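Protein chains: 2
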Amino acid sequence: MAQQVDDARRPPLSRDRVLRAAVALADDAGIDSLSMRKLAQELDVVPMALYKHVANKEQLLDGMVDVIAGEIDPPAHDIEWKSAVRQRILSARRVLLRHPWASRVIESRTSPTPAVLDYMNSIVGMFRTGGFSVDLTHHAMHALGSRIWGFSQELFPASPSPDPEMQAAMLHQLAARYPYIAEIAAAVAHDEESVVGSGCDDQFEFEFALELLLDGFERLRQHGWTSTNQSCA
Amino acid sequence: MAQQVDDARRPPLSRDRVLRAAVALADDAGIDSLSMRKLAQELDVVPMALYKHVANKEQLLDGMVDVIAGEIDPPAHDIEWKSAVRQRILSARRVLLRHPWASRVIESRTSPTPAVLDYMNSIVGMFRTGGFSVDLTHHAMHALGSRIWGFSQELFPASPSPDPEMQAAMLHQLAARYPYIAEIAAAVAHDEESVVGSGCDDQFEFEFALELLLDGFERLRQHGWTSTNQSCA
DNA sequence: AGAGTAGGGTGTACGCCGTACACGTGTCAA
DNA sequence: TTGACACGTGTACGGCGTACACCCTACTCT
Chain U
1 MAQQVDDARR PPLSRDRVLR AAVALADDAG IDSLSMRKLA QELDVVPMAL YKHVANKEQL
61 LDGMVDVIAG EIDPPAHDIE WKSAVRQRIL SARRVLLRHP WASRVIESRT SPTPAVLDYM
121 NSIVGMFRTG GFSVDLTHHA MHALGSRIWG FSQELFPASP SPDPEMQAAM LHQLAARYPY
181 IAEIAAAVAH DEESVVGSGC DDQFEFEFAL ELLLDGFERL RQHGWTSTNQ SCA
Chain V
1 MAQQVDDARR PPLSRDRVLR AAVALADDAG IDSLSMRKLA QELDVVPMAL YKHVANKEQL
61 LDGMVDVIAG EIDPPAHDIE WKSAVRQRIL SARRVLLRHP WASRVIESRT SPTPAVLDYM
121 NSIVGMFRTG GFSVDLTHHA MHALGSRIWG FSQELFPASP SPDPEMQAAM LHQLAARYPY
181 IAEIAAAVAH DEESVVGSGC DDQFEFEFAL ELLLDGFERL RQHGWTSTNQ SCA
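Protein chains in written order, with UniProt numbering: chain U, 1 to 233; chain V, 1 to 233.
The following block contains the structure:
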């Protein structure tokens, strides 16, 4: 009876509802705030109830990755391999920008889920139908690494820039010990005056590296590269 | 008095001793087993004693990264930029292979420590003295991303391969849903018969991608690439 | 010589976390 | 009617990071 009253307020749990709530919570509050207890609270349920739908927290995270993998645009057909790959990867990137926690979670996964395999399989397929050997495709996939997901490791994760004066002072201090880094920081700071934003243009950086790799792949393919007969130049 | 007896058995704590013990513990037991409590136990000390030497666990991890950054070989001089960069990065890679936990910790750091800045500064310097513009150097650094540290994101982190029969069965099942992935898996499995190891040759994969990027940088430099005048081909 | 002070190890306690386990309770099949 | 099953509940355990109050020692200053 009491449960029925509850049921009126909240639909019954399901694996899907749990996963979607988890994604929403991570989006809103950050991945560090995602605990089984908080998630349960969000769903108006006692923590242990979740364990009827996911085996443990690891599997919850796996499921969350699956959910967002499903948000990536379906693969395009009938276009040349490079555009197809780029398009798919940039779509993945858009998804990951909507879910900033996802990159860290993807990195931490220890074995791929079906949705992840589907995604990777489709990209491998693009190389293969684009005329790449199994060998070269294999190494290209490794070379792409996490870039397949549309993110690259940020070395300095966008420090919040204080007022310009402060910034100039810090730059000066930086220059004493790290002259080369300071040089770049200065150039970036200067660019900012024309472009908006508080750091590097991440999208540009990402696409720059992606094109560099794709062009490299193309060149190797044209030269009939194989791993036993290396001629990178 | 009691403390003096203790002192005979264990030297006094220091930031350095704490950090080294933390690195050793992470090496031996894995980063997941590294807790302030376990570390304190290892040092024969009460957990809170650590907090006189590191502000909190985050700073402990920062310090650990600094320790291993110090293990990277010093930069070489008087050789062309590409060899210098490659050499330094491969040295970093060797360090990281000795400390398998380090890549995950590095990724999780939120602001760079001095030793990290030193390392990055030296690599930036190699590009600059090698004739790269500030602009191109900047983007090259981003393109390298975590590869600067000698690791790349592994998408499938080396699943433990069971007996060959089992493996063949799994491959067959894989082929039904993920034909392209299976194709690669089959090729890798075949290679294994001649080469030892239970998966891809990580070192080869790493160097393949590194050379691809370095060659790409070189080509852009020769063509006088700038970010406002893009001609990647 | 005595008082004061700073540095560094200790003990206790709090509020989080993931989750094992035993227990309802509602639904449906036999 | 009875039993099985699915699923939400309640309690409890052992771990975590760390705040805070406390010593005890060594050293400085008068």
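Quick reminder that beta carbons are idealized off the backbone N, C-alpha and C, glycines included.
Owing to the predicted nature of the structure, the values given are computational and were not obtained by experimental measurement.
Which of helix, strand or coil DSSP assigns to residue i
i	result
T110 (chain V)	coil
N121 (chain U)	helix
T137 (chain V)	helix
A209 (chain V)	helix
Q203 (chain V)	helix
S152 (chain V)	coil
F132 (chain U)	coil
H99 (chain U)	coil
E218 (chain U)	helix
R86 (chain V)	helix
residue 236 (chain V)	Residue coverage of chain V in this structure runs from 1 to 233, which leaves residue 236 (chain V) outside it and unanswerable.
A92 (chain U)	helix
F10 (chain U)	Before going further, note that residue 10 (chain U) is Arg rather than Phe in the sequence given. Correct three-state label for R10 (chain U): coil.
A143 (chain U)	helix
Beta carbon proximity, residue i to chain V, threshold 8 angstroms
i	result
F132 (chain U)	no
E42 (chain U)	no
L117 (chain U)	yes
A189 (chain U)	no
T228 (chain U)	no
H77 (chain U)	no
E58 (chain U)	no
S146 (chain U)	yes
M36 (chain U)	no
T113 (chain U)	no
I89 (chain U)	no
G70 (chain U)	no
S33 (chain U)	no
A26 (chain U)	no
R128 (chain U)	yes
L212 (chain U)	yes
H138 (chain U)	yes
H142 (chain U)	yes
Y178 (chain U)	yes
D7 (chain U)	No answer about D7 (chain U) holds up, because its pLDDT of 46 lies below 50 and its placement is not dependable.
Residue i and residue j closer than 8 angstroms at C-beta
i	j	result
A115 (chain U)	D66 (chain U)	yes
I68 (chain V)	V23 (chain V)	yes
H167 (chain V)	A187 (chain V)	It should be noted that the sequence gives Gln, not His, for residue 167 (chain V). No, the pair does not count as a contact, with Cβ atoms beyond the cut-off.
A92 (chain V)	W149 (chain V)	yes
T137 (chain U)	F127 (chain U)	yes
A209 (chain U)	R147 (chain U)	yes
I181 (chain V)	L174 (chain U)	no
V45 (chain U)	L13 (chain U)	yes
R221 (chain U)	G131 (chain U)	yes
I31 (chain V)	R88 (chain V)	no
L212 (chain U)	K82 (chain U)	no
V95 (chain U)	E183 (chain V)	no
L50 (chain U)	L39 (chain U)	yes
8 angstroms Cβ cutoff, residue i in contact with chain U
i	result
S83 (chain V)	no
Q4 (chain V)	Low local confidence applies: a pLDDT of 40 at Q4 (chain V) is under 50, so the model's placement there is unreliable, with the coordinate-based value given in what follows. Cβ-Cβ to chain U under 8 angstroms: no for Q4 (chain V).
A92 (chain V)	no
D62 (chain V)	no
R20 (chain V)	no
V124 (chain V)	yes
S152 (chain V)	yes
M120 (chain V)	yes
D66 (chain V)	no
G216 (chain V)	yes
D135 (chain V)	yes
A102 (chain V)	no
DSSP bridge partner residues for residue i (one or two, in chain order)
i	result
T226 (chain V)	V:N229
Distance cut-off 7 angstroms: residue i Cβ against heavy atoms of the ligand GDP
i	result
G145 (chain V)	Looking at this structure, you won't find the ligand GDP or any other ligand, since it has none at all.
Uninterrupted alpha helix (DSSP H) stretches inside the UniProt domain "HTH tetR-type" (12-72) of chain V (no shorter than 4 residues): 15-29, 36-42 and 57-69, all fully within the UniProt domain "HTH tetR-type" (12-72) of chain V.
Complete alpha helix (DSSP H) runs within the region 164-194 of chain U (minimum length 4 residues, chain order): Unbroken alpha helix (DSSP H) stretches of 4 residues or longer found wholly inside the region 164-194 of chain U: 164-177 and 179-194, given in chain order.
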